[in-house]
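Peer 1:
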Amino acid sequence: MPHPDHHPAAVEVHHPQPLAHPPAAPLAPAQPGPPAVQSIVLPDGQVITGYPLTPTPPPAPVQQRPAVSRTAVNIALGGIGFGAVCIGLALLTTFIAALTAFITQLIILAAVIFGGWIAVQIFGATGHRDGGTTVNIRKAVIKRSHFHG
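When the letters of the sequence shown are read in order and numbered with my numbering, they come out as residues 8 to 156.
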């Protein structure tokens, strides 16, 4: 409810006027200890006294550490590589052993086939051959340790 002594027609409206910025006051060098009190004189004669505001530096960015260290990753990759090399060497030795067994079996097979061919040539076909000499020893007679043919 309005106050009985004031009439609505008697109200004055004041519009604020923007203040011109005063020239920057020289700042005293910062000294250790409590900050010095500064006073600024405004163009209309008002004096404002207070502590100077020093801007606070932005906080340093926090470095995020990776979830797993690089050293651990390098050790793990080295272990995987070493395991792969060991498996490769095991497969290589297995391959060499199998190749050696295969070559040995080929040599034995060749010896059996060649030996069989030689045996057939020696003990095989009984018959007259051109250019060969045949000796029939069944007719020979042995008397008193002498051979008579």
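The beta-carbon is built from N, C-alpha and C at its ideal position, and this holds for glycine as well.
Give the range of the alpha helix (DSSP H) segment to which Gln-128 is assigned.
Peer 2: Residues 77-130.
Peer 1: DSSP three-state label for Gln-53, please.
Peer 2: coil
Peer 1: Is the Cβ of Gly-86 closer than 8 Å to any Cβ of chain C?
Peer 2: Given the protein chain composition of this structure (a single chain), no chain C is represented.
Peer 1: Which class does Val-48 belong to by DSSP, given the choice of helix, strand or coil?
Peer 2: strand
Peer 1: Below 8 Å between beta carbons: does that hold for Gly-57 and Gln-70?
Peer 2: Not a contact, by the Cβ cut-off of 8 Å.
Peer 1: Roughly how many angstroms separate the alpha carbons of Leu-113 and Phe-121, rounded to a whole number?
Peer 2: 12 Å
Peer 1: CA-CA distance, Leu-99 and Cys-93?
Peer 2: Taking the straight line joining both Cα atoms gives about 10 Å.
Peer 1: Measure the alpha-carbon distance for Asn-81 versus Ile-87 and round it to whole angstroms.
Peer 2: 10 Å
Peer 1: With distance defined between alpha-carbon atoms, name the residue in Ala-43, Leu-116, Ala-108 and Pro-73 nearest to Thr-61.
Peer 2: Ala-43
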